[in-house]
Amino acid sequence: MEEQRRRAREASGFGADYNAMIRVDSASEFKGYDHLELNGKVTALFVDGKAVDAINAGQEAVVVLDQTPFYAESGGQVGDKGELKGANFSFAVEDTQKYGQAIGHIGKLAAGSLKVGDAVQADVDEARRARIRLNHSATHLMHAALRQVLGTHVSQKGSLVNDKVLRFDFSHNEAMKPEEIRAVEDLVNAQIRRNLPIETNIMDLEAAKAKGAMALFGEKYDERVRVLSMGDFSTELCGGTHASRTGDIGLFRIISESGTAAGVRRIEAVTGEGAIATVHADSDRLSEVAHLLKGDSNNLADKVRSVLERTRQLEKELQQLKEQAAAQESANLSSKAIDVNGVKLLVSELSGVEPKMCVPWLTI
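For the sequence shown, UniProt numbering begins at 1 and goes up steadily by one.
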């Protein structure tokens, strides 16, 4: 919960911890599974955690509606952004959070005034929601793929799904091998190419478990739960928003794998246009390196090996030249040694000479 609050503050750009401050008695009906635009009514307004009857242009506030298409942060999926608008006002929604049974739209009144009881048109940022849906669906595919590749001991330990990246923490006792990462990536992309239907069903919790739906250990669920299935590949309990078919995801790429705690690993990945952007970035880097080496991507490995071998040869030749120069310097300096009580003494300042090269001079 504390992590969710921190993310909410960062996402909204507001310093107030609205989760800790606001207490809402009313409830909001979420209709965002089927709608991205919806008419609603303002049932409550909060400024700095205090209930108010109205707000004016420039004020930051939390707006509660009786019904809304905005998804409130839950289950690792971030809250929606968008706009609440009417004939004489526009409210920019920068985050959406739950307050008990109510859904609060956090943002700033850009123009006009807004009061409790006003009718509003709630418009979710459709493009952003679409990217989030792809990332959330890919998270489910990846979870199932990890269990196939690494073993059924893999279980979710945390997640973050936004419009740019998906982050998934899971139980595993060692770093994933490159071939394991590739296997997971390939398996997820195979399910994307299958274009599996993504279906949701509301059923009793026990029936969902009997169906094999994965649930988060320690999580509390209602007696009636939402079950999300992706063909025969993945079945999980989930209240988030998703693509219609796995093919909508387009492409899946893992961009990092790391450890976060003992026995917990973290994967970050991208989908769709974000994944394509990483492919282009990798291609651009390869092209740049190939240009510098006066080659092309087809023979780049041979070019690099050739440069490395040439570098090693030059380093060897340089070392030989240094040793030859040191030997010559030794011969030149030997005549400058003076005798002090039967001991030859030589004092000289040298540059570019390594200590080990001075050993032969000790016999002067």
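Where a beta carbon is used, it is the ideal one built from N, C-alpha and C, also for glycine. In this text the structure is predicted, and so the values were computed from the model without any measurement.
Helix, strand or coil: which one does DSSP assign to residue i?
i	result
N39	strand
K344	strand
D123	strand
M142	helix
A92	strand
H172	coil
E323	helix
E309	helix
R23	coil
A337	coil
T152	coil
E73	coil
V47	strand
K177	coil
V304	helix
K316	helix
K164	coil
S12	Bear in mind that a pLDDT of 43 at S12, under 50, signals an unreliable position, so the number given afterwards is only what the model happens to contain. Helix.
If I follow the unbroken alpha helix (DSSP H) through residue i, where does it start and stop?
i	result
R285	272-292
What are the boundary residues of the beta strand (DSSP E) that includes residue i?
i	result
T260	252-261
H105	102-111
A54	54-56
residue 402	Beyond the ends of the chain as shown, which are 1 and 364, falls residue 402; an answer cannot be given.
S159	156-161
A61	60-65
Hey, residue i and residue j are a contact pair by Cβ (cut 8 Å); roughly how many whole angstroms apart?
i	j	result
S159	R167	6 Å
Q67	L38	6 Å
G263	A175	Wrong, their Cβ atoms sit about 12 Å apart, outside the cutoff.
V120	L65	7 Å
M214	T235	7 Å
R253	G239	With 8 Å as the limit, R253 and G239 do not qualify as a contact, their Cβ atoms being about 26 Å apart.
N195	G272	Actually they are not in contact, since the Cβ atoms of N195 and G272 sit about 14 Å apart, beyond 8 Å.
T43	R129	About 23 Å separates the two Cβ atoms, so there is no contact after all.
V304	L293	7 Å
S28	I103	4 Å
residue 368	E223	A question about residue 368 goes unanswered here, because the residues of the chain that appear run from 1 up to 364.
K157	D169	4 Å
L237	A208	6 Å
L36	P69	5 Å
Inspect the beta-carbon positions of residue i and residue j and report whether they are closer than 9 Å.
i	j	result
A163	N189	A small correction: the amino acid at residue 163 is Asp; Ala does not occupy that position in the sequence shown. No, these two residues do not count as a Cβ contact at 9 Å.
S180	V154	Going by the sequence as given, residue 180 is Glu instead of Ser. Contact: no.
A145	L187	yes
K98	A72	yes
I192	L251	yes
F91	H105	yes
R265	S171	yes
V63	L114	yes
V52	E60	no
E83	D125	yes
V165	E268	yes
L141	I276	no
D95	G107	yes
A57	L45	no
T278	V270	yes
S137	A243	yes
I22	G40	no
V24	G100	yes
Tell me whether residue i, by its Cβ, gets closer than 8 Å to a heavy atom of the ligand SAH.
i	result
S306	With respect to small molecules bound, the structure shown includes none, and the ligand SAH cannot be examined in it.
Mind listing, in chain order, the continuous beta strand (DSSP E) runs of no fewer than 3 residues lying wholly within the segment 182-243? 198-204, 224-230, 234-237
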